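Notes follow the structure.
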Amino acid sequence: MLSRRELANAIRALSMDAVQKANSGHPGAPMGMADIAEVLWNDFLRHNPANPKWVDRDRFVMSNGHGSMLLYSLLHLSGYDLPMEELKQFRQLHSKTPGHPEYGHTPGIETTTGPLGQGLANAVGMAIAERVLAAEFNRDNFDIVNHFTYVSMGDGCLMEGISHEASSLAGTLKLGKLIGIFDSNGVSIDGDVSGWFTDDTATRFESYGWHVICEIDGHDSVQIKNAFIEARAVINKPSLICCKTIIGWGAPNKQGKASCHGAPLGADEVSLARKKIGWTHAPFVIPDEYYSAWNARERGTKMEAEWNRKFKAYKAAHPGLAKEFERRMKGDLPDNWNEVITAYIKKTAEKGEDVASRKASQNALEAYGPLLPELIGGSADLTSSNLTLWSKSKVINGNSKGGNYIYYGVREFAMSAINNGIALYGGFIPYGGTFLIFSEYARNALRMAAIMKIRNIFVFTHDSIGLGEDGPTHQAVEQAATLRLMPNMTLWRPCDTVESAVAWKAAIENKTGPSSLLFSRQTLKHIPRDEEQIENISRGGYVLIDGANKPEVIIIATGSEVGLAFNVTMQMNKQGRKVRLISMPCTNIFDAQDAAYRDKVLPPKCRKRIAVEAGVSDYWRKYVGIDGRILGIDRFGESAPGPDVYEYLGITETKLREMVESFL
85 MLSRRELANA IRALSMDAVQ KANSGHPGAP MGMADIAEVL WNDFLRHNPA NPKWVDRDRF
145 VMSNGHGSML LYSLLHLSGY DLPMEELKQF RQLHSKTPGH PEYGHTPGIE TTTGPLGQGL
205 ANAVGMAIAE RVLAAEFNRD NFDIVNHFTY VSMGDGCLME GISHEASSLA GTLKLGKLIG
265 IFDSNGVSID GDVSGWFTDD TATRFESYGW HVICEIDGHD SVQIKNAFIE ARAVINKPSL
325 ICCKTIIGWG APNKQGKASC HGAPLGADEV SLARKKIGWT HAPFVIPDEY YSAWNARERG
385 TKMEAEWNRK FKAYKAAHPG LAKEFERRMK GDLPDNWNEV ITAYIKKTAE KGEDVASRKA
445 SQNALEAYGP LLPELIGGSA DLTSSNLTLW SKSKVINGNS KGGNYIYYGV REFAMSAINN
505 GIALYGGFIP YGGTFLIFSE YARNALRMAA IMKIRNIFVF THDSIGLGED GPTHQAVEQA
565 ATLRLMPNMT LWRPCDTVES AVAWKAAIEN KTGPSSLLFS RQTLKHIPRD EEQIENISRG
625 GYVLIDGANK PEVIIIATGS EVGLAFNVTM QMNKQGRKVR LISMPCTNIF DAQDAAYRDK
685 VLPPKCRKRI AVEAGVSDYW RKYVGIDGRI LGIDRFGESA PGPDVYEYLG ITETKLREMV
745 ESFL
């Protein structure tokens, strides 16, 4: 019978062989964490390699994603569809073993990690989702949602500020099903971390409200196992297991040194390491007895079969709940979704309110929320400004198990990354609010959502210089443009209540990526439309006013600037000019329309075009061309009442009219 150390050495061998063959990668973390991973995966982790998407599986997140060969080795050895040929192609084009774990690319990968600390925040989101889903669906004798979330992290993860944001909130929420594993090897790329990381990590996490298990020898399987047993028994707070490890354990000349962190060991050192750990097999050769000891398919299939029997009985006892659970976990919307939403949009158009689009957003939440128990939201300490709270919101806190609203505090980055974790978990549609300018704090989490193509809704209010007195530090100028440039990100900047309702509908229906919804602080004028125009909002851009089939000038406007463009267009057309106004709340959806529709809205022969947006101008060149005009802002704002800032910076009807007349 193979010893635990021998089983762990299979991870070490695969990791150093794959990195060596690729001549690229990070062998140190996998070799140092192998003993911890062996205990977790063989003694505790509930998973089924035959079905990586089993809904009641434990989640394992590797926040220190540079050590990806640890995860690939575990997936391969335990029986996932990750053959040895893929390990041999580590870090190569189109392989299932990319340099950092990628969600949706490799079976068994729960989230894309690499930017340090974000996996920890994702895991917090998964733990929140598990607890809320359990509160909604579990019934006496039917704990159909009951599992743990494990997350590994290194010194680098804990240096990143997001680790503080996420861990602080996790402690406040008392997430007892969350277990962190701190791989404390004391080494980062620049060397011994004692020169730049001397935090008392245990005390830090205790202050957050975590249960902390200190000074575990990360190479002693007995200590490791006992630590997991202790952590799993603590149900009223998250746990952190602090494991002292040696980076690159087993490499005689490089273990414990930065030289094995992010570079291959070298052929000579690999050979010496094989001798030191007693690994006599050729590169990428794992004997059958190792596969037999590691294989989790039989155990996992049995676990899932037991759960399926339980769910079948649950379905008989609670058919309505079971049907709703299945719908939620599939990510489907309710059967009456289109009917109710269409009616709401029509009613909104008929009502014709002049309100700030942030208020229109809240109105949409009031209409859509009752249909969507999966909608779970929050705000980064700006609830009363973002208007993300609606009448049926129920707060999630340390004393409640269920709920649908989180007061995130001033934690924009963690909020966005935690919501990524909730989205990845399944069964929920998360949204989080802050000012558009503070998308800068959250930027990398937005990018990760876009990379993973997950349904996460980012609510950004106070979207322009229109917020006024808070001044240039709070006035968004370049943010809309840069978010539009992010691949897979769908950005809506609606101009009134109707477009706001359509934007929310589109974001909720978008299963192929995140959405950013940009809303105003200031009141926006309701724009009248016919049924065809309302239907065309969902196409991203549409004709709002058509002065003639062959317009002399085309104005393209978005968001709060549509109102002023509307007034100018109406005035010019009354004077006999032929001006067309295009509202373009979502450029990337408009760009995805067929050429016939795009050319109908923006006739190629009409090159006299003006774009209007209170933001940087260059983005709009793609629509107006090099000879077109752009009424925008290529500088930072000013501190003054919103209307005064618009006037001072020239975003006015007078200025737009002058631009139109210059073309005529």
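Anchor point for the sequence shown: position 218 equals 302 in my numbering, and the numbering is continuous, going up by one each time. Here a beta-carbon is modelled for each residue, glycine too, at the ideal position from N, C-alpha and C. Since we're looking at a predicted model, the values are computed, not measured.
- Here DSSP, grouped into helix, strand and coil, assigns TRP576 to strand.
- The Cβ-Cβ distance between PRO185 and TYR164 does not fall below 8 angstroms.
- Straight across, the Cα-Cα distance linking ALA560 with ALA218 is about 40 angstroms.
- Judged by DSSP in its simplified three-state form, PHE266 adopts strand.
- 8 angstroms or more divides the Cβ of ILE95 from the Cβ of SER147.
- Partner residues in the beta bridge of TYR515, as assigned by DSSP, are ILE541.
- VAL123 carries a helical assignment under DSSP once its states are collapsed to helix, strand and coil.
- The beta carbon of ALA587 sits closer than 6 angstroms to those of TRP576, PRO578, LEU601, all from its chain and outside the five residues before and after it, given in chain order.
- The segment 379 to 394 makes no contact with the segment 109 to 117, as fewer than three CB pairs between them are under 8 angstroms.
- Residue range 671 to 675 is occupied by the alpha helix (DSSP H) that includes ASP675, with no beta strand (DSSP E) assigned at that position.
- Counting every other CB atom within 10 Å of its CB across the protein chains shown gives LYS684 a total below 16, marking it as exposed.
- Rounded to whole angstroms, the separation of the alpha carbons of ASP438 and ALA649 is 16 angstroms.
- Excluding its 5 nearest sequence neighbours in each direction, ARG664 has C-beta neighbours in its own chain below 6 angstroms: ASP630, GLY631, PRO635, ILE638, listed in chain order.
- Residue environment for PHE720: exposed (fewer than 16 other C-beta atoms within 10 angstroms of its C-beta).
- Taken through DSSP and simplified to helix, strand or coil, HIS295 comes out as strand.
- Contact check for LYS338 against GLY302 fails: the beta carbons are separated by 8 angstroms or more.
- In this structure, ASP304 sits away from SER268, with a CB-CB distance that is not shorter than 8 angstroms.
- If you ignore the 5 residues before and after GLU314, its C-beta comes within less than 7 angstroms of the C-beta of ILE297, all in its own chain and listed in chain order.
- Contact check for MET115 and ALA335: beta-carbon distance about 7 angstroms, within the 8 angstroms limit, so the pair qualifies.
- With a 10 Å radius around the Cβ and a threshold of 16 neighbouring Cβ atoms, LEU177 comes out exposed.
- When only Cα atoms are considered, GLN563 and ALA501 end up about 19 angstroms apart.
- Listed as beta-bridge partners of LYS328 by DSSP are SER268, ASP301.
- The residue from GLU553, VAL216, GLY709, ALA366 with its alpha-carbon nearest to that of ARG691 is GLY709.
- Contact between ASN633 and TYR626 is absent: CB atoms are separated by about 16 angstroms, not below the 8 angstroms threshold.
- For ARG531, the enclosing alpha helix (DSSP H) covers residues 523 to 536.
- For ALA507, the closest of ASN481, LYS537, GLY517, GLY486 by C-alpha to C-alpha distance is LYS537.
- THR364 counts as exposed, since fewer than 16 other beta carbons sit within 10 angstroms of its beta carbon.
- Positions of the alpha helix (DSSP H) runs, each at least 4 residues long and wholly inside the segment 579 to 662, are given as 581 to 593, 615 to 620, 646 to 658 in order along the chain.
- Beta-carbon to beta-carbon, HIS160 and GLY198 are separated by about 20 angstroms, too far to satisfy the 8 angstroms threshold.
- Looking at the backbone, the Cα of THR518 and that of ASP554 are separated by about 15 angstroms.
- Under the criterion of beta carbons closer than 8 angstroms, ALA397 and VAL582 do not qualify as touching, at roughly 47 angstroms.
- Judged by beta-carbon spacing, VAL208 lies within the 8 angstroms limit of LEU262, meaning their Cβ atoms are closer than that value.
- Taking a 10 Å sphere around the C-beta of ILE666, we find 16 or more other C-beta atoms and assign the residue as buried.
- A direct Cα-Cα distance of roughly 12 angstroms separates PRO367 from GLU169.
- Residue TRP138 holds the alpha-carbon nearest to the alpha-carbon of LYS386 among ARG705, LEU733, MET654, TRP138.
- The criterion of a C-beta distance shorter than 8 angstroms is not satisfied by ILE513 and LEU471.
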